[in-house]
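For reference, the structure is listed below as structure tokens.
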Amino acid sequence: MISIKLNPQELGDSGGIQKVCEKIVAEEENVTKQLENLLSRQCHLEAKLRSVTKALPNLQIVKSDAQHLSEMIAHTSNLAENVSAKVRKLDDARSRVSECQQRVHDLLDLQLCSEGVKLALQEEDYEKGAAHVHRFLSMDQTLLRQTADDVQQDCTAVTNSFSLLHKAAELLQTEVTARFDEAVRADDLASVERFFKIFPLLGLQDQGLNKFSVFLCSKLQETAQKNLRAALETRSADKRASVLYADTLTLLFEGIARIIEIHQPLIESYYGPGRLLTVANALQEECDRQSKLILNEFRKHRQLDSALAQVADWLRSANSSSSSANTSGATTSQQSRTDPKNLDLLLGELTIMHARAEMYVRFIRRRVQNDVEVGVSAEVTRGLLMDKLETMLRASGLCHSMQALLGNYLQLEHYFMAESVRKAVALDQLEENLQIQQTSSMVDDVFFIVRKCIRRAISSSSLDGVCAVLNNACSLLEADYCSVLRAQLRHGYMSGYLDLTQAYNALQSSIQQGRLQASDSEKARLTFLAYLNNADVSTEYIATLRLSLGDEMAAALPGMTERDRAKLESCLSGLGGVTASLRALVEYGMSQLSASAIKPRVSPWVDAFLNVSHVLTEEEFSSYEANEPFVRNLVANLESLLSSFKSSLTPTNYDTLVSILATEVTHQMEKVIAKSSFNRLGGLVLDKEVRVLVGYLTNATSWSIRDKFARLTQIATVLNLERASEISDYWSNEPGAIAWRLTPAEVRHFMTLRTDFRSEDIKRIKL
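In this note's numbering, the protein residues as written are 871 to 1637.
Structure below.
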């Protein structure tokens, strides 16, 4: 259907009528296409209709089969419902019969229990009597009376049995409690365990556990006090006198572990799962009391509080005088200080105590957790018991004591590390021959101290303690140790001797002649190089330290969560900051060395290039090529310079020195080349000189430094061209082509140095 809205205004002239006619024709063509499209699908639609018509008879068959199947399913459902109803009735009846039989059996057992408990009391067979009472207590007395009334119409016998058994139960409870207390007083462990097993049969689980816990605590108290007395009597003669109190605390923990190991099966067998927590709680309370006594003696005889007071004074003094500290880290305030060596054994004992306490806590947690998870089926109950366990451990006096002890340890360890490093710096020494020992003594001493302190913190099994010591170590290295290196390097390298070998010879000569002190300039140069090596070696030590500490911590601190690992990694990353500071010091020191020993010497050597003409005849070219006076002298001078430093610098510092030297030589060479003139033969000589120079300096180091000669090599290539137009064969911006370090303007400038290139040819070159 054609649907075009006509606007009367469009029909006002022939042009408007023509436009309307064109719209009608376009619409007509569109409708025609749609009709043709529909007609083209006629055959397909007719085929579909024919297939549907053929399927109609089959649909009737399917319908009838479906109705038949529905009727069969409904019939089967009715049959199943009838059968299941009869089965439910039979199951109901069976359950009632079983319940009736159980009541009858309970009535018979009631009579047997009543007679058996009398006989057991007469024979003092408490286990048997308790078993009868336990059977009686497990019965439903109301149902028994109702059953007796239904069966015999007489409840007198049942009531008498009830009365007898109640009295027997009370009598047994009193007797077993008395016998248990008597066994405790007599220290008869076999009798204690015998009557402990009877309590749950009489419905006295809580009372039995409490009494048994008191007994175990009394044994633990007796043993702990005996061990403490032995420690106090033999503390001076014992071989392990330095860790005597740690051993005493360990014996306390081992005693608790032994008690749990021995008696846990007994508790689980007679009192059921989940009851170990009650005994563990009582033992923990006794542990708190005994550990407090041990720690009090430890503080008293190890004079811990006195040491802490002196450390606190030192910290206040260090903070108040930090602005006036000298380069060795010693403050102007020289109060009496505790020798760090005197704290070494004390710190070791503190870490052992904390580690043993952590091990003990893990043992208690694991034992109770296994007891709860294996025996208690209800998830809610398990959760409540575990929450109770964690609350008990966190609130224990032992936990609080260990936290205080850890804080004391961190204070003392901070003092020990800082003072030991200060002494190592103050006692720093240089070898007489720096070629034998490239660093001073303080590097090994400082990192030995830092590593020792960190590893001692790891042995405490405290992640917080390890992180605190790590942070202290990073602050100490970055603030104090790096400051010492920086202060020495800031003095610079004195250039009094042009050959360091002469400095060594002069120093050795002075020593041989009895002059133990070298000259100030010699000592300053040797000290500068040693401290430059100190900074470089320190970066290697830190890398090794970080790698080894990661493995040691993973082994010493098992069970770390992802959060703990992230915290530890964050602390270890502080060593990366120290490495960055040390590398900055190496760069600063190398710049000082370059300014004093490289630039002043390289410049005149390279300036000799200006004394040799590079506009050569064939005869001059042959003579120059045979002698190579400039490059041979330059290489000889560079060899002399590098050989004087090679044995005195670490491999990394030496390679850095070669790299700086290469940069300086190329820079100076560019300057003198720009002041010279060349012909074709002069360009060939320059190219050879550059190749010799590159080959020597490349072989002088293990680093790849060819990139530093890229500009110089390209300058030699430009000046070695046969014709100016040949530069187009070398210059290319295509992908994969050699990257030119020279700009087009620089290329044209260096080409102007060729006396045989015309300026018009150079200007016509397109780069």
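Cβ atoms here follow ideal geometry from the backbone N, Cα and C, with glycine treated the same way.
DSSP state of residue i mapped onto helix, strand, coil
{"i": "H1619", "result": "helix"}
{"i": "H1484", "result": "strand"}
{"i": "F1627", "result": "coil"}
{"i": "W1573", "result": "coil"}
{"i": "Q1205", "result": "Low confidence applies here, because Q1205 scores a pLDDT of 46, under 50, leaving its location unreliable; read the following figure in that light. If DSSP states are grouped into helix, strand and coil, Q1205 belongs with coil."}
Boundaries of the alpha helix (DSSP H) in which residue i is found, first to last residue
{"i": "M1312", "result": "S1311 to S1329"}
{"i": "K1162", "result": "L1146 to H1171"}
{"i": "S1112", "result": "Where S1112 is concerned, there is no enclosing alpha helix (DSSP H), given that its DSSP letter is neither H nor E."}
{"i": "L1082", "result": "According to the sequence as given, residue 1082 is Phe; it is not Leu. Element bounds for F1082: Q1075 to E1103."}
{"i": "N1342", "result": "L1333 to L1346"}
{"i": "P1474", "result": "K1469 to D1477"}
{"i": "V1535", "result": "P1521 to A1544"}
{"i": "K1437", "result": "E1432 to L1463"}
{"i": "S1061", "result": "L1059 to I1068"}
{"i": "H1270", "result": "G1267 to A1296"}
{"i": "R1502", "result": "P1499 to K1516"}
{"i": "T1613", "result": "Premise fails: T1613 is in no alpha helix (DSSP H) and is neither H nor E."}
{"i": "Y1600", "result": "I1597 to Y1600"}
Inter-residue Cα distance where the pair is residue i and residue j
{"i": "C1323", "j": "K1096", "result": "34 Å"}
{"i": "S1443", "j": "T1208", "result": "32 Å"}
{"i": "H1224", "j": "R1326", "result": "11 Å"}
{"i": "A1116", "j": "L1268", "result": "14 Å"}
{"i": "T902", "j": "C913", "result": "19 Å"}
{"i": "R958", "j": "N948", "result": "15 Å"}
{"i": "L1377", "j": "S1391", "result": "Only weak support exists for where L1377 lies, its pLDDT of 46 falling under 50; the coordinates are left without a value."}
{"i": "F1407", "j": "T1520", "result": "A small correction: the amino acid at residue 1407 is Val; Phe does not occupy that position in the sequence shown. The straight-line gap from Cα to Cα measures roughly 8 Å."}
{"i": "S1379", "j": "D1315", "result": "Confidence at S1379 is low in this model, with a pLDDT of 48, below 50, so the placement of that residue is unreliable and no value is reported for it."}
{"i": "E1289", "j": "Q1173", "result": "19 Å"}
{"i": "I1126", "j": "F1082", "result": "14 Å"}
{"i": "L1072", "j": "G1253", "result": "29 Å"}
{"i": "T1044", "j": "D1051", "result": "11 Å"}
{"i": "K1469", "j": "V1505", "result": "15 Å"}
{"i": "D962", "j": "A950", "result": "18 Å"}
{"i": "A1394", "j": "S1572", "result": "29 Å"}
{"i": "I1164", "j": "M1272", "result": "12 Å"}
{"i": "R1264", "j": "Y996", "result": "41 Å"}
{"i": "H1270", "j": "S1329", "result": "19 Å"}
{"i": "P859", "j": "M1256", "result": "Absent from the structure is residue 859, since the part of the chain shown begins at 871 and ends at 1637."}
{"i": "S1176", "j": "L1282", "result": "11 Å"}
{"i": "K924", "j": "K933", "result": "16 Å"}
{"i": "N1212", "j": "F1286", "result": "9 Å"}
{"i": "R911", "j": "Q904", "result": "11 Å"}
{"i": "A1053", "j": "E1124", "result": "25 Å"}
{"i": "V1244", "j": "K1067", "result": "22 Å"}
{"i": "A1179", "j": "E1439", "result": "33 Å"}
{"i": "T1625", "j": "D1577", "result": "29 Å"}
{"i": "E1630", "j": "N1404", "result": "59 Å"}
{"i": "I1130", "j": "G1277", "result": "31 Å"}
Spatially closest choice to residue i from the options, by CA coordinates
{"i": "K1258", "options": "V1242, S1271, K893 and M1272", "result": "V1242"}
{"i": "L1079", "options": "A1060, A1094 and N1151", "result": "N1151"}
{"i": "L1452", "options": "C1441, S1464, S1492 and E1410", "result": "E1410"}
{"i": "L1122", "options": "D961, Y1230 and Q1077", "result": "Y1230"}
{"i": "N1590", "options": "D1557, S1572 and L1612", "result": "D1557"}
{"i": "A1570", "options": "K1545, I1597, V1528 and Y1600", "result": "V1528"}
{"i": "R1128", "options": "W1601, K1089 and T1104", "result": "K1089"}
{"i": "S1518", "options": "Q1307, F1286, T1104 and T1251", "result": "Q1307"}
{"i": "A1357", "options": "G1277, V1456, V1320 and E1630", "result": "V1456"}
{"i": "S1492", "options": "V1555, S1546 and M1621", "result": "V1555"}
{"i": "L1280", "options": "E1260, I1319, R1321 and D1334", "result": "D1334"}
{"i": "E1092", "options": "D1076, S921 and Q1160", "result": "Q1160"}
task = Answer yes if the region 1480–1500 comes into contact with the region 1509–1526, meaning at least three C-beta pairs across the two stretches below 8 Å, and no otherwise.
result = no
ask   = Would you call the region 1525–1536 and the region 1468–1476 touching, i.e. three or more CB-CB distances under 8 Å?
value = yes
request  = Decide yes or no for the touch test of the region 1421–1432 against the region 1497–1505: beta carbon pairs closer than 8 Å, at least 3 of them.
outcome  = no
message = Under 8 Å, with one C-beta from each stretch per pair, do the region 1606–1619 and the region 1556–1570 reach the 3-pair mark?
response = no
request  = Specify whether the region 1435–1451 and the region 1545–1554 touch according to this definition: at least 3 beta carbon pairs, one from each stretch, less than 8 Å apart.
outcome  = no
query = Can we say the region 1337–1347 touches the region 1234–1241, given the rule of at least three CB pairs closer than 8 Å?
reply = no
ask   = Is the region 1513–1531 close to the region 1444–1452, with three or more CB pairs under 8 Å?
value = no
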